[in-house]
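Data first, discussion second: the structure below is written as structure tokens.
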Amino acid sequence: MRVPRIRSEALNGATYDPARRLLMVEFESGSVYEYLDVEPELFAELEAAQPHPWRVVGARVKEHDYRRVR
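Mapping of the sequence shown onto the working numbering: residues 1 to 70, in sequence order.
If you want it as structure tokens, here you go:
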């Protein structure tokens, strides 16, 4: 599974499926998480907050249900 690159110190990449409202995040450690029912505006904020997107929106993303993929 390839996650598109994002310019970040903490993240390797992130992608968003608006139809499923699913945010997939790959961290520098190689761990991949899916966050459920994420608003498209939150993903837009994550993209716009580079190079520190997780610092800006990470706490709000973690409020969503999630599962570890890898």
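Just so you know, even glycine gets a beta-carbon here, dropped at the ideal spot from N, CA and C.
**Message:** At the level of alpha carbons, what is the spacing between A48 and A59?
**Reply:** Counting from 1 along the sequence shown, the entry for residue 48 is found at position 48. Counting from 1 along the sequence shown, the entry for residue 59 is found at position 59. Near 16 Å, if we compare the C-alpha coordinates of A59 and A48.
**Distance, L23 Cα to A14 Cα** = What you label residue 14 is simply residue 14 of the sequence shown in a count that begins at 1. What you label residue 23 is simply residue 23 of the sequence shown in a count that begins at 1. Each residue's alpha carbon lies about 7 Å from the other.
**Range of the contiguous beta strand (DSSP E) that encloses E26** = For the purposes of this step, residue 26 is taken as residue 26 along the sequence shown, with counting starting at 1. From DSSP, the beta strand (DSSP E) with E26 extends over L22 to F27.
**Contact belief for L42 with V57 at Cβ below 8 Å, rounded distance in angstroms** = On the sequence shown, position 42 is the one that residue 42 refers to. On the sequence shown, position 57 is the one that residue 57 refers to. The Cβ separation is near 6 Å, so the contact holds.
**Asked** Rounded to whole angstroms, how far is the Cβ of G53 from the Cβ of P18, which I believe are closer than 8 Å?
**Response** Taking the first residue of the sequence shown as position 1, residue 53 is located at position 53. Taking the first residue of the sequence shown as position 1, residue 18 is located at position 18. Per the sequence shown, the amino acid found at residue 53 is Pro instead of Gly. Rounded, the Cβ-Cβ distance is 18 Å, inconsistent with contact.
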